Each structure stands twice: as structure tokens, then as C-alpha cells.
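Protein chains in written order, with the working numbering: chain A, 1 to 368; chain B, 1001 to 1368. Presented below is the structure to which this report refers.
Shown next as C-alpha cells:
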């Protein structure tokens, strides 16, 4: 038995948890930079709660609300420059995966005047600023991971950086912040979270500890599945989804992801498919391709989800993502070769070649 | 749903994990104080591994090897004074619960010149030194908790202090260090770990997250039960026990303990019963007393342990602890009133009075 266990984040979960535990913020300094998207912070109510808490604690703050969907290096560099100039003491990321991941990059850039591409070196002269993470989706799990996924326009793909220093120091998880999400975003992000659990559970870096979180996450997704399919998503279900997404983050903090993410990134970059939805399209084929190598775990996933077979699982995912996509032969070649460069290839349960990636993509998508 | 989740410790688990990950120690400073008992560090091999690692890293160290079983305030004050005078940068606790808990007190006292009784204020002017924890028993779980249990001779009882700052920064869990333990210590400490899981799982502060760890720990204890009963404890079982003990620590980090610990402390203080054994004597009666309030969980504990009934569980514990103890009426009165002062009383699944504690003790022990 051999494992490393590390979740550096202190998590507060529950309705009103930010206000109830705002004293946790007090020690981080005198000036905060809130990093968020154009609307998620406001619509969710999380931005108001956070600014109110900061005001009550007499902490100054500035708001950077220009984080894009799938934030680019240019985007985080812009925010990082302002954080440096404004000499903020800590960062509060509010939003879905994009603002949360961006906040991690900003925490580094605020105290390291480096080119944004140097983020991918994963080692910095100065320790990143403390990060507070407040998710407004139940998917990314970024609030409890040491990863930040950024879009590199120079290589036309998404890429992650990270080390233990960018674990958020504190995370506030309040399902009320996810109540304003449209159905499609709720489903896409829930699938992203499931994907984290499934990819972590089945990949070669899984450990006895990460499996505990994965099994719990998959089981909780199973409890929510009917509600997701029928769009009966009340507060109780939203809490379960937020809990599951956090668990998924705890899983991949230890295992990383797999080619589901590796093949999903080009689908997002080139075809604009939302990240979780891209994973959902690929997950069943990933499990089928690897089935013999992970039979016990794959069967356990189906049992936990209360789904009869991988084919049925594929149908359910298709129903949830509800997207038809056709790819050209050239696109398939490009996406497969992009996927083959993803570092998770080495963690795949069985050896996987570019030709296998082509097959997976052709099994999922229409080819024209 | 409402919970806090916090395990600040970075855990490395597995054979040779200290040597493989010694770079983790490098950042803590130039001088280390190793806090250990008279023999556990040496016999286990952990002390040699640690001093070798420190030498390879060119880190100075001093060794304080006078930690008592059930360390007193006087004992940790002595070590703390030396740590202050020697201006050490970090503390390495090596041993069972006694040295690990002592190392936490020393980490505080090294940078806070306070009376040892002030430890129980749980707030300190200066942040405790970083702690590295290397358990040589599989029981306490102290390597992943923010608690330190010390013996107060002034009130003739054990008492705990703690806050998030005394979570060990890093823990190295290598089951080889537990191989030299005699059978009785292996069993007593394993029961302590089970007790943490059972008490955390059933007490009022249990959360959805702490339950994940508790269920896994109880299940792993169940896998080891036959081996514990028949003294067939090979390396594979020792790894499971060490893993289970860590999980037990993660549980009580979130829940605290119960009156099993509250009533167990006077048995240790006055009668010299080893801590885990004291818990083992009391656990079945605790579950019986609370059964109606925790029926589902109690039944699940029996299912996970593959034990048919609470009576059978009591018999198994009795066989494991293998101790006959008679108490006088006066002792029972004293122990019950001591237990009633334990802060876990408020967390008991159902209301519990001193008279109930008397009944529990009388059900367990012969009275003369």
C-alpha cells in the first residue's frame, strides 16, 4: 500500500456558511482582490455575500470581473498585473471553474512578475497569495484542487499548472449559489464532476484513499441521476451535486484526470462544447475501451449508478448532454493527436495509441 | 447538509515513505527537535530513518527522548523549555500517541513562554512550530489530528488541547515501524483506532464526510479482526491497521470522541489500563446504551465488522482486551463523575446522566 494524501483546503459547506464563518477570512490581510466572471458572481448572490463579509471585517477589496469562459493566459495576465499593482494580500475566486482556476493564476502572478506561460513551470520564487474559493457551479471541484486549467491560444489547447501552494486556503460551498444556474449548465457541470470521480477511480494513479472519495461521489451522482434526467432539481439535489463535485475535486487532486479530459479539451477549444458536456460525450467510450483492464471498478461504477450496462450508461450520458456533433476526418486526426499529448496518457488503465483515440472519437461522433 | 472539512496534514503512506519523500522536510528550517519516548523511536527504526534523513539534508537536530507514557504537563514543559532555549525551527514527533501528542505541546511551548496549563486555552500569541509526525503504533491517529491529550496531575485526569495550527504539517506512515510492537500493544492500539471510528460515526457531531472515513475504518478493522484474535499479524495486516488508525484520526478531527474516551481516561489515570484497552472495555456498553438513538449506524457497524450482535461484539472486545478489572463503589462514583465532566457528554447520541455512567461501568466491571 502506497499513497500520498493531501487536501490543504479548509472546507465550509452549507447554507449561509460564508457569513457564519467569515472570521476565517480575517487573517489573510487588509486588501482582497475578488476574481470573478461577468455575471456568475452577481447572479449567484455569492459576490454580494463576499463583499458584505469583507465590509463587515473592514477589509478593502477590488473586483476583477472580466474572467472569460475558459480563461486565456492573456486574461489571467491582465488580472495578475492589476493584483500586483494594487498590492492585494489575498484573492477570492467566485464562480465556476473558469474564475476559480483564474484566481489561482492571479494568486501566483500577484507576487511573481513572470510571463504567464511561465505558470506552467509550476515553481515560483514567491509563494502565491492565499486563495478563498467560492464555487457557483457544482462541477469543477477546483475549490479543493491544486490545479488551474488555462487556455493557451499559442498551442490552441487547454493546459493545467499547479502545485500544493495553489490549493485554496478556504472554500465556502453554499448550494444557494448554484440555484440560478440554467438546467444545461447544471447538467454539464454535474457530468464534469462525475467524470472527475470516474477518471480518478479508474486511472493508474488511483489510491485506496482517492477511491473512497470517488465511490462516494459516483454513488451520490447515482442518487441524483433521475432528478437530472427529469429536471427536478431542488435545493436538496443541488446540495448533493455540490458535495459530489467537491469529492470529485478531492479525487483528481490525487489522481489527475484521463484521456476523457485530454480528448475533451480540443472539443471545447475548437468546437465550443462546454467542458463537462465534452467529458460526458466521451466517458462511456473511455470505459468501454479500458473495460478489461478495470473490470471490477467499471462494474462497480455501474452498480453505484444503478445502471445495467456500459451501453445503457452511454445512452443516459447522451440523453443528458443532448448534443449532436459531426467532425471531419481532419478534425478527428487533429483532436486525437492533441489528446495523445495530454499527460494523462501514461495513466490510462491500458496502453493507448493515437489510433485508439481516433477509434474512440469515431465511435462517439458522426464523421463527415 | 452542513459540515466543515479540514485535514491540514500532508500524509505519505507506504514502505520507505520517509526516505523517498525526505525533501518534504527540507523547507522547515535548519534545526529540528525530535520528540520521542525512551524506546519506541529506536526500536521501531523510525528514529534512525529520521536522523539519517536530517543528516542527508544537512539539518541540525537534538533528540528529546524522555516523553512518558501518557505525558504530563511537567513532561512537555521540560521538553518545551529545551526547544525554546535551543531555538529549534521545527519538531518531529516519533512514537505512539504519547510522543506525538507531546510533540504538539512542544511545538507550542517552543515559541510561547507560557505556563503549560495555558495550553488548554487553545490560543497562542505565536504560531506553533511546524510538526512532522511519524507514528510507531497504529492507533492514536494523532498524526492527522489537531489534538494533543495530556495528563494533568493537578486534576488527576487526561485533558486535550488543540487548534488547527497543531495539525502536523507532514506525516510519514510506514508500517515497518509498527512491526516490533508486542501483540498486546498492537491490539490495544488497534482498538483505540476502532474506537475513534465508532465514536466519531455515532456521535452528534458526525458529518457526511467524517462518516466516509469512519465507515472505511470500521470496515478495514473488520478485515483485520480474525488476524487480531489469532495473533496472525503480518506486514499486510500492519499496513491495514496503520491505514485504519489514520482514518480514525481523520474522523475524530471532525467529530471529537465520546464518553468512551471520557470514561476511559480515569481507567488509565487511576488503574493504569492502556488507553485503547480502556476504550475496548467500554465500547459495547456505549453502543448498547445509545442503541435506540443510533440504530442504523450501530447495525451498520456490526455489518461492517461482520459481527452478529452487540453482545457478540462485546465478547470479541473482551477476548481482545483480555483483562479482568474490579472496581470499588467509590471508584465507580469517582470515574462516573469524572466522565460526566468530559466535554463529549454533550455529543452523546442521547442524554446521559452520571447515573447512566455508573450503570455503564457496573455493566462492564465487577464491583467489590
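Yeah, the Cβ is synthetic: ideal placement off N, Cα and C, and Gly gets one too. Only a predicted model underlies this, so the values are computations on that prediction, with no experimental measurement involved.
Name, please, each residue of chain A whose Cβ falls closer than 8 Å to the Cβ of residue i.
i, result
"residue 1006 of chain B", "10, 11"
"residue 1014 of chain B", "1, 2, 3"
Identify which residue in the options has its Cα closest to the Cα of residue i.
i, options, result
"residue 1221 of chain B", "B:1210, B:1301, B:1267", "B:1301"
"residue 1151 of chain B", "B:1077, B:1023, B:1110", "B:1077"
"residue 1113 of chain B", "B:1149, B:1042, B:1080", "B:1080"
"residue 117 of chain A", "A:110, A:127, A:105", "A:105"
"residue 19 of chain A", "A:174, A:128, A:242", "A:174"
"residue 1048 of chain B", "B:1075, B:1024, B:1094", "B:1094"
"residue 1319 of chain B", "B:1184, B:1131, B:1061", "B:1184"
"residue 91 of chain A", "A:97, A:109, A:75, A:74", "A:109"
"residue 1303 of chain B", "B:1111, B:1198, B:1285, B:1021", "B:1198"
"residue 1146 of chain B", "B:1103, B:1037, B:1176", "B:1103"
"residue 366 of chain A", "A:295, A:281, A:346", "A:281"
"residue 1227 of chain B", "B:1187, B:1195, B:1153", "B:1187"
"residue 1207 of chain B", "B:1027, B:1231, B:1256, B:1345", "B:1256"
"residue 1348 of chain B", "B:1287, B:1358, B:1314", "B:1287"
"residue 1179 of chain B", "B:1041, B:1037, B:1099", "B:1041"
"residue 1310 of chain B", "B:1074, B:1285, B:1321, B:1050", "B:1285"
"residue 321 of chain A", "A:238, A:291, A:225", "A:225"
"residue 1017 of chain B", "A:1, A:28, A:17, A:29", "A:1"
"residue 1069 of chain B", "B:1362, B:1346, B:1273, B:1364", "B:1273"
"residue 149 of chain A", "A:22, A:297, A:98", "A:98"
"residue 1107 of chain B", "B:1083, B:1115, B:1120", "B:1083"
"residue 337 of chain A", "A:234, A:266, A:50", "A:266"
"residue 75 of chain A", "A:38, A:315, A:299", "A:38"
I'd like to know whether the C-beta atoms of residue i and residue j end up nearer to each other than 8 Å.
i, j, result
"residue 1245 of chain B", "residue 1140 of chain B", "yes"
"residue 1293 of chain B", "residue 1350 of chain B", "yes"
"residue 171 of chain A", "residue 193 of chain A", "no"
"residue 1334 of chain B", "residue 1271 of chain B", "no"
"residue 259 of chain A", "residue 308 of chain A", "no"
"residue 1004 of chain B", "residue 11 of chain A", "yes"
"residue 263 of chain A", "residue 360 of chain A", "yes"
"residue 1269 of chain B", "residue 1156 of chain B", "yes"
"residue 168 of chain A", "residue 131 of chain A", "yes"
"residue 1128 of chain B", "residue 1101 of chain B", "no"
"residue 1176 of chain B", "residue 1015 of chain B", "yes"
"residue 190 of chain A", "residue 123 of chain A", "no"
"residue 25 of chain A", "residue 144 of chain A", "no"
"residue 1134 of chain B", "residue 1046 of chain B", "yes"
"residue 277 of chain A", "residue 323 of chain A", "yes"
"residue 254 of chain A", "residue 210 of chain A", "yes"
"residue 1153 of chain B", "residue 1023 of chain B", "no"
"residue 1283 of chain B", "residue 1317 of chain B", "yes"
"residue 125 of chain A", "residue 29 of chain A", "no"
"residue 405 of chain A", "residue 195 of chain A", "Shown here, chain A extends from 1 to 368; a query on residue 405 of chain A therefore has no answer."
"residue 1212 of chain B", "residue 212 of chain A", "yes"
So residue i contacts chain B; which residues on that side make the cut at Cβ distance below 8 Å?
i, result
"residue 212 of chain A", "1212, 1213, 1216"
Give me the subset of the stretch 216-250 of chain A whose CB atoms are less than 7 Å from a CB atom of chain D, sorted by chain position. No chain D appears in this structure, whose protein chains are A and B.
For the stretch 1343-1358 of chain B, which residues have a CB atom closer than 8 Å to at least one CB atom of chain A, in sequence order? When CB distances to chain A are screened at a threshold of 8 Å, not a single residue of the stretch 1343-1358 of chain B falls below it.
Determine, using beta-carbon pairs with one atom in the stretch 1160-1177 of chain B and one in the stretch 1194-1212 of chain B, whether at least three such pairs fall under 8 Å. no
If contact is defined by three or more beta carbon pairs under 8 Å, each pair taking one atom from either stretch, is the stretch 1314-1332 of chain B in contact with the stretch 1245-1252 of chain B? With contact defined as three or more Cβ pairs closer than 8 Å, the stretch 1245-1252 of chain B and the stretch 1314-1332 of chain B are not in contact.
Please name the residues in the stretch 1117-1136 of chain B whose beta-carbon is closer than 9 Å to at least one beta-carbon of chain A, in chain order. If the cut-off is 9 Å between Cβ atoms, the stretch 1117-1136 of chain B has nothing near chain A.
Against chain B, which members of the stretch 185-209 of chain A pass a CB distance test of less than 9 Å? 207, 208, 209
Under 8 Å, with one C-beta from each stretch per pair, do the stretch 58-67 of chain A and the stretch 28-43 of chain A reach the 3-pair mark? yes
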